[in-house]
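Everything in the sequence shown is counted per my numbering, starting at 15 for the first residue and increasing by one.
For reference, the structure discussed in these notes is given below.
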Amino acid sequence: MQTTSLTKNDKTRILLAEDNRVNQKFAVLLLKKLGYQADVVSNGAEVLQALHSQSYDVVFMDVEMPEMDGLTATRQICEQWAAGERPRIIALTAYARRGDRERCLAAGMDDYITKPIELPKLLQALQNLSDSNGGLNIEDEGDKGEKEGVFPLPQTLNDQESEVLDAKVWQSLQKLAGAKANVVLDKIVGEYLDDAPERLQAIQSAIATQDAEALRQAAHSFRSSSANLGAVTLSLMCKKLEALASAGITEVPAEQRVQIEVEYEKVKTALLQQVSKSPIPIS
15 MQTTSLTKND KTRILLAEDN RVNQKFAVLL LKKLGYQADV VSNGAEVLQA
65 LHSQSYDVVF MDVEMPEMDG LTATRQICEQ WAAGERPRII ALTAYARRGD
115 RERCLAAGMD DYITKPIELP KLLQALQNLS DSNGGLNIED EGDKGEKEGV
165 FPLPQTLNDQ ESEVLDAKVW QSLQKLAGAK ANVVLDKIVG EYLDDAPERL
215 QAIQSAIATQ DAEALRQAAH SFRSSSANLG AVTLSLMCKK LEALASAGIT
265 EVPAEQRVQI EVEYEKVKTA LLQQVSKSPI PIS
């Protein structure tokens with residue numbers, strides 16, 4: 015297990031559990047914007063290892079992760095640590111379905127945030143924990159809690175359908191990344207472009223083998239990272255696939271499979287154009 019740390023405010027010790035590398039970087043960037051440290055692990059088993067190595071005040075726990083999911087990890091944390099000794103746990107999930115929040119709370123989580131994560135939601139969750147536990151050193155960061163950050167994805171395709179990348183999302187990302195936006199976003203885009211072919215292959219393989227759960231997981235992960243970069247149409251295509259797979263349907267028309275591949279190529283071109291506008295400085 016390897017943990018990655020960014021330190022600015024060491025008063026509150028935060029552990030982030032997220033298996034998607036692109037989503038990891040976005041979450042750490044948001045926490046850094048608020049001035050907080052974030053150690054990063056990739057699954058629930060690594061969360062338990064990290065907690066046995068050192069104490070944390072807060073765990074941001076992705077619900078869906080390989081090896082051990084967030085709900086299972088949370089139940090084990092609640093079994094192994096007393097209520098007053100364990101970290102507070104905030105669920106991170108791309109879902110917003112009826113009953114999801116209740117399932118997270120029933121597992122022992124303390125709060126619930128849907129993805130894509132936005133600064134106001136993140137700050138509010140931290141402040142909620144501060145209000146309910148005087149031991150947490152969560153500070154109001156003033157302007158840093160302004161209502162900007164990653165914009166939520168529209169629920170239906172409308173006039174934005176023709177946009178490959180949502181301009182508002184990209185502008186928000188540039189502002190969020192700050193003075194080193196060109197460096198930060200180049201790294202995030204690089205992670206996305208490295209990861210995307212694997213996600214696309216997983217989708218096609220799951221369709222070919224009629225594996226509904228594998229299809230749902232692959233579409234779910236690709237949807238989330240695409241949304242974070244403002245790839246509106248591609249993310250919504252993945253959302254439709256995820257919904258089909260959740261219903262046990264793996265019969266996907268060839269035209270729909272091709273459309274996803276074609277849309278990804280458009281997204282790839284658009285992202286490369288965006289990062290090329292701000293050349294990486296030579297150190």
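Virtual Cβ for every residue (Gly too), placed ideally from N, Cα, C.
Remember, predicted model here, so these are calculated numbers, not experimental data.
| How about the segment 211 to 218 and the segment 233 to 245: do they share at least three Cβ pairs that are nearer than 8 Å? | yes
| What are the boundary residues of the beta strand (DSSP E) that includes Thr86? | Unbroken run through Thr86 is the alpha helix (DSSP H), 84 to 94; no beta strand (DSSP E).
| query | Does the Cβ-Cβ distance between Pro130 and Asn242 come in under 8 Å? | reply | yes
| Would a C-beta distance cut-off of 8 Å place Gln288 and Leu179 closer than the cut-off? | Cβ distance < 8 Å, so Gln288 and Leu179 count as in contact.
| field | Integer Cβ distance of Gly262 from Ala226, believed to fall under 8 Å | value | Correct: roughly 5 Å between the Cβ atoms.
| Residues bridged to Ser75 [DSSP beta-bridge criterion] | One point to set straight first is that residue 75 is Met, not Ser, in the sequence displayed. DSSP output for Met75 lists Ala31, Ala105 as bridge partner(s).
| request: Excluding the 5 residues preceding and the 5 following Asn34 in the sequence, name in chain order all residues of the same chain whose CB lies nearer than 7 Å to its CB. | output: Ser235, Ser238, Ser239
| field | C-alpha gap between Leu119 and Thr88, whole angstroms | value | 10 Å
| field | Buried or exposed (CB count within 10 angstroms, at least 16 for buried), Asp2 | value | The displayed coordinates of the chain run from 15 to 297. Any statement about residue 2 would go beyond what the structure contains.
| message | Just to confirm the assignment, what range does the beta strand (DSSP E) spanning Val61 have? | response | It is not in any beta strand (DSSP E) - Val61 instead sits in the alpha helix (DSSP H) that spans 58 to 67.
| said: Gly84 and Gly58 - do their beta-carbons sit closer together than 8 Å? | reply: yes
| By how many angstroms is the C-alpha of Lys280 removed from the C-alpha of Thr107? | 27 Å
| query | Buried or exposed: Leu29, going by 16 or more other Cβ atoms within 10 Å of its Cβ? | reply | Flag for Leu29 reads buried.
| said: So, at 6 Å on beta carbons, what are the nonlocal neighbours of Val266 in its own chain, with the 5 sequence-adjacent residues on each side left out? | reply: Ile221
| field | Contact belief for Ala31 with Met79 at Cβ below 8 Å, rounded distance in angstroms | value | 7 Å
| query | Whose C-alpha, out of Gly192, Ala105, Gln273, Gln231, is nearest the C-alpha of Thr247? | reply | Gln273
| Short Cβ contact (8 Å threshold) for Val72 with Thr128 | Val72 places its beta carbon 8 Å or farther from that of Thr128.
| field | For Tyr70, three-class secondary structure by DSSP | value | coil
| said: Considering just the uninterrupted stretch of the alpha helix (DSSP H) at Asp208, what are its terminal residues? | reply: 195 to 222
| Quick one: what's got a C-beta closer than 6 Å to Ser260's C-beta in the same chain, skipping five residues either side? | Arg230
| request: Would you grab the beta carbon distance between Asp125 and Leu143 for me? Rounded to a whole angstrom, and I think it's under 8 Å. | output: 7 Å
| Is the beta carbon of Ile104 sitting closer than 8 Å to the one on Met82? | no
| If you drop the 5 nearest sequence neighbours on each side, which residues of the same chain put their C-beta closer than 6 Å to that of Arg102? | Val72, Asp124, Leu143
| Smallest Cα separation from Val54: which of Met75, His66, Lys47? | Met75
| request: Put Ile127 into one of helix, strand or coil per three-state DSSP. | output: strand
| request: Determine the contact status of Leu190 and Leu62, defining contact as a CB-CB distance below 8 Å. | output: No Cβ-Cβ contact shorter than 8 Å links Leu190 with Leu62.
| Three-state secondary structure (DSSP) of Asp180 | coil
| request: May I ask which residues mark the beginning and end of the beta strand (DSSP E) holding Val272? | output: Run containing Val272: none in the beta strand (DSSP E); it sits in the alpha helix (DSSP H), 268 to 290.
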